[in-house]
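Q: Take this structure, written in structure tokens, and hold onto it; I'll ask about it next.
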Amino acid sequence: MSATTALRVLPAMAVSFPVGFPGLPGAHRFQLGPLGGGDRPNPFGRLTSLEPVCFSDGRVVHGIGVNVSTTGILWPDLSVDIDDNAEAILELEDVGDAVVLAVVTLRHPVEASTANLFAPIIINVRRGLGVQFVPNAPEATVGRYIHTPLPLPPSLS
Amino acid sequence: MLTLTRSVGERIMIGDDIVIEVRAILDNHQVRIAIQAPRQVPVHRAELLEAISKENRDAATAVTVGDEEMLGALGQAVAEGSPEAPAAPGSEGR
């Protein structure tokens, strides 16, 4: 099953990650929402944990989350081959219910910001279920896609 | 941590429904294993998951309110192809 998304505005919805969220231990329930406000299209949004995150060093952080981007606007050619494992976790029956997002890591200057296209987030919007899809790709390909530059407007790039 | 010694063709059971089998020991000291697990159980190479976890932690901890406002405005500029993208905040503290 291959998923793409042409979404121009992120939906505001609660999303459960049944197998958790890598790097954010203890976080399973998230709130997804668009950034920027207004009705204009915006590919960026915020995925905020509704549960405290318990890091291995003992810190407990509330309200932590990551910025995300729909992939359809920024990388229209990207498609993700969802495997059986992810399909089962997402309870995905219709690929049309799948939204593909990328975690965005903001850096300074903004031109250095990147998106993780190696391990996209897939959300079944019908069920409110999500998973960060980890492909069984060679380790050598991680660095190439985990830090994908954002396609910024000419005025910023 | 439990440590077991297994030969090629021998298996390890984890719970009722996860089976790990040693398939081959290669010349370069690598071991080929086969894993059988329920569809809902994610199985990943640890180094991949660790790289993704680190990137997620970086993404989660690198954000301030000002950054989010900038990203929101930037998103509208990107989506519309507008040349009037927002100014990036300063690079202090990074």
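Respectively, the protein sequence lines represent chains A and B.
Sequential numbering from 0 applies to the first sequence in numbering that gives the first Met the number 0.
Sequential numbering from 0 applies to the second sequence in numbering that gives the first Met the number 0.
From the three backbone atoms N, C-alpha and C, an ideal C-beta is built for every residue, glycine too.
Note that the structure is predicted; figures quoted are calculated from it, not measured.
Counting only Cβ pairs nearer than 8 Å, list the residues of chain B close to Q158 of chain A.
A: Limits of chain A in this structure are 0 at one end and 156 at the other, which puts residue 158 of chain A out of reach.
Q: What does DSSP give as the partner residue(s) for F43 of chain A in the beta ladder?
A: As a working mapping, residue 43 of chain A is identified with position 44 in the first sequence. In DSSP, F43 of chain A forms a bridge with A:S68.
Q: Our contact map puts L105 of chain A next to V77 of chain B with C-beta atoms below 8 Å; I'd like the distance itself, whole angstroms only.
A: Counted from its first residue, the first sequence places residue 105 of chain A at position 106. Counted from its first residue, the second sequence places residue 77 of chain B at position 78. Contact doesn't hold; Cβ gap of about 14 Å is too wide.
Q: How about P51 of chain A and S68 of chain A: are their beta carbons less than 8 Å apart?
A: In the first sequence, residue 51 of chain A corresponds to position 52, counting from 1. In the first sequence, residue 68 of chain A corresponds to position 69, counting from 1. For P51 of chain A and S68 of chain A, no; Cβs fall outside 8 Å.
Q: From the DSSP output, in three-state form, read off R143 of chain A for me.
A: Residue mapping note: residue 143 of chain A aligns to position 144 of the first sequence, counting from 1. Note: R143 of chain A maps to helix in three-state DSSP.
Q: Should the stretch 119-129 of chain A be called in touch with the stretch 41-53 of chain B, which here means at least 3 C-beta pairs below 8 Å?
A: no
Q: Under 8 Å, Cβ to Cβ, is there at least one residue of chain A near G69 of chain B?
A: Counting from one through the second sequence, the residue named residue 69 of chain B turns up at place 70. Note that residue 69 of chain B is Met in the sequence shown, not Gly. Interface residue, yes.
Q: Out of A:V109, A:L91, A:V14 and A:R143, state which residue places its alpha-carbon closest to the alpha-carbon of G71 of chain B.
A: Here residue 71 of chain B corresponds to residue number 72 of the second sequence, with the count starting at 1. Looking at the Cα atoms, A:V109 is the closest of the given residues.
Q: Step through the CB atoms of chain A and report whether any lies within less than 8 Å of the CB of D15 of chain B.
A: For the purposes of this step, residue 15 of chain B is identified with residue 16 of the second sequence, where counting begins at 1. No, no contact with chain A.
Q: DSSP three-state label for V133 of chain A, please.
A: Residue numbering aside, residue 133 of chain A sits at position 134 when the first sequence is read from its first letter. Note: V133 of chain A maps to coil in three-state DSSP.
Q: Closer than 8 Å, CB to CB, is D56 of chain A near chain B or not?
A: For the purposes of this step, residue 56 of chain A is identified with residue 57 of the first sequence, where counting begins at 1. By this cut-off, D56 of chain A is not an interface position.
Q: Go to R126 of chain A, then tell me how far its beta strand (DSSP E) extends in each direction, as first and last residue.
A: If you number the first sequence from 1, residue 126 of chain A lands on position 127. Taken as a continuous stretch (DSSP letters only), R126 of chain A belongs to no beta strand (DSSP E), as it is neither H nor E.
Q: State the DSSP-derived secondary structure class of R56 of chain B, mapped to helix, strand or coil.
A: Residue mapping note: residue 56 of chain B aligns to position 57 of the second sequence, counting from 1. The answer is helix: DSSP assigns R56 of chain B an H, G or I state.
Q: Please list the partners that D83 of chain A has in chain B, where partner means a Cβ-to-Cβ separation under 8 Å.
A: For this step, residue 83 of chain A is matched to residue 84 along the first sequence. Within chain B, the residues whose beta carbon sits less than 8 Å from that of D83 of chain A are R38, listed in sequence order.
Q: Under 8 Å, do D48 of chain A and I63 of chain A count as touching if we go by C-beta distance?
A: Position 49 of the first sequence, counting from 1, holds the residue named residue 48 of chain A. Position 64 of the first sequence, counting from 1, holds the residue named residue 63 of chain A. Here the sequence assigns Ser to residue 48 of chain A, which means Asp is not the residue at that position. Yes, these two residues count as a Cβ contact at 8 Å.
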